Amino acid sequence: MEKTKICQDCKKEFKIIKKTRYERKYCDKCSQQRKKDYENIHNVTFEDCDEE
Ligand SMILES: [Zn+2]
Numbered sequence: 001m002e003k004t005k006i007c008q009d010c011k012k013e014f015k016i017i018k019k020t021r022y023e024r025k026y027c028d029k030c031s032q033q034r035k036k037d038y039e040n041i042h043n044v045t046f047e048d049c050d051e052e
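Numbering (our numbering), first residue to last: 1 to 52.
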């Protein structure tokens with residue numbers, strides 16, 4: 001079952017397959033980017049902690 005959603009980042013339509021209860025708010029591209037950003041933030045935080 002497919003469902004069309006609007007990405008909250010780029011405002012483009014994308015389709016999700018409704019398998020899980022979790023509904024994505026971002027298209028593939030944006031969710032990948034957000035994941036990268038998230039990982040970067042974590043790396044920075046981790047390094048900061050490690051240095052002290
Ligand atoms: Zn997007």
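We put the CB at the ideal spot given by N, CA and C, even for glycine.
Given the structure is predicted, the values throughout are model-derived calculations rather than measurements.
- For residue 15, the enclosing beta strand (DSSP E) stretches over residues 13-17.
- For residue 9, the CB falls within less than 6 Å of some heavy atom of ligand 1.
- Ranked by Cα distance from residue 16, the options 30, 3 and 43 are led by 3.
- Following the DSSP letters along the chain, one finds residue 23 in no beta strand (DSSP E), marked with neither H nor E.
- Comparing C-alpha distances from residue 18 to each of 38, 1 and 25 shows the shortest one belongs to 1.
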